[in-house]
Amino acid sequence: MTTSIDRWIDDATFHEDVDYIESLWQQRPLGTLELPLIDIGRGEPLVFVPILEQLEFVYSRQVRKMSQSRRVILYRRQEMRTKPFGPNDRAEELRQVLDGLGLECPDLVGHGDAAMVLFEFALRYPQRCRSLTIIAQGADYRISPHPFIWFLHELFYRLPVEYVLPAPFLRANVINYIMSHSMDNHTIPSLPRHLIEEQFSKISQWPFVYKCSVLPIIHNFDIRKRLSGLTMPILLINRTDDALSPEAKTRWLAKHLPNCAGYHVVSGRERFFMYSRAETVTPLMEAFLAARNTRRGSLKQLQQ
């Protein structure tokens with residue numbers, strides 16, 4: 000008989016992972032910025048590009064595991080509430096973090112809209128990217144039903160809707176997309192909705208954050224005509240039925256990237272499968288990064 004613990008990530012496990020990430024933050028000056036930073040482990044640097052504050056738990060299991068053999072970095076991004084902070088701003092934020100840490104060309108990881116930032120950074124600074132690991136993101140972003148959702152976002156972006164839109168309503172709709180899956184998807188374990196809601200509820204002034212920090216990244220994201228600039232090795236991972244990044248779009252991206260080093264579709268019941276299905280996702284990442292290390296070692300031997 001299947002128990003609830005077999006079906007879901009239990010509360011105690013989730014809170015332990017959230018507390019683990021929260022316990023590691025250290026305020027750190029990074030150029031003109033001062034951000035909370037996690038910088039642990041030793042070895043080749045691996046930088047996780049952050050998604051929304053309070054949602055960094057999505058990386059917690061990879062941070063814990065991969066910091067045993069690598070130097071792992073994660074920073075908490077700036078969340079804007081009064082002015083838009085777009086993809087160029089986020090790419091420069093990442094550059095300042097790398098500059099502040101003296102990292103010339105690390106391996107980089109991005110999930111969802113953090114992957115959009117990572118793509119923008121890689122197109123602007125390809126020489127700063129040893130490799131990219133892209134989780135749950137294609138080359139464009141069109142939320143179904145499109146163009147209706149695009150039109151709503153356009154209104155939200157241009158009008159002061161954030162002053163009247165109830166935060167619980169907006170939060171519920173975003174989480175609906177995160178939890179969306181096909182009726183016959185019974186993947187275990189998965190992340191229960193109430194735990195995702197718990198983290199989202201910690202984001203203050205959520206409609207303002209959505210307008211200024213989320214919409215500027217996702218609203219017009221489309222790099223399909225710029226893929227030739229992404230020459231570094233790229234690993235793509237997605238699940239079969241993600242409503243925000245359909246598998247067909249990541250499959251198309253895998254076929255059109257100049258240097259796709261691997262594309263994997265894994266089982267998962269919600270958008271944060273990187274966390275809930277870490278036992279599948281993490282080995283894929285480790286194998287990809289190990290191959291990069293082996294190749295780098297071979298090149299060094301040839302140069303000698």
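Positions 0 to 303 (numbering that gives the first Met the number 0) are the ones given, in order, by the sequence shown. All residues carry an ideal CB built from backbone N, CA and C; glycine is no exception.
Secondary structure within the stretch 87 to 162: the beta strand (DSSP E) runs of 3 or more consecutive residues, fully enclosed, are 106 to 110 and 130 to 134 (chain order). Along the length of the stretch 11 to 39, whole beta strand (DSSP E) runs at least 3 residues long occupy 25 to 29 and 32 to 39, reported in chain order. If you check the CB distance, residue 57 and residue 216 do not come in under 8 Å.
In the DSSP assignment, no residue is bridged to residue 218. The alpha-carbon separation between residue 59 and residue 257 amounts to approximately 30 Å. Around the beta-carbon of residue 182, fewer than 16 other beta-carbon atoms lie within 10 Å, marking it exposed. Around residue 78, the same chain offers 52, 208 and 212 as residues with beta carbons nearer than 6 Å, after the five sequence neighbours per side are excluded. Separation of residue 252 and residue 165 (C-alpha to C-alpha, rounded to the nearest whole angstrom) is 36 Å. Contact between the stretch 141 to 160 and the stretch 185 to 197 is absent, with fewer than three C-beta pairs closer than 8 Å. With respect to residue 122, residue 225 sits close: the two C-beta atoms are nearer than 8 Å. Take the alpha-carbon of residue 104 and the one of residue 278: they are about 27 Å apart. Around the beta carbon of residue 41, fewer than 16 other beta carbons lie within 10 angstroms, which makes this residue exposed.
Under the three-state reduction of DSSP output, residue 261 falls in the strand class. For residue 176, the uninterrupted alpha helix (DSSP H) segment begins and ends at 166 to 178. Annotated three-state conformation of residue 189 is strand, per DSSP.
For residue 237, the beta-bridge partners assigned by DSSP are 264. Here residue 203 is exposed. Its C-beta has fewer than 16 other C-beta atoms within 10 Å. Ranked by how close their Cα comes to the Cα of residue 18, the residues 6, 54, 80 and 7 have 54 in first place. Non-local C-beta neighbours of residue 93 in its own chain, meaning closer than 7 Å and more than five positions away in sequence, comprise 48, 116 and 120, ordered along the chain.
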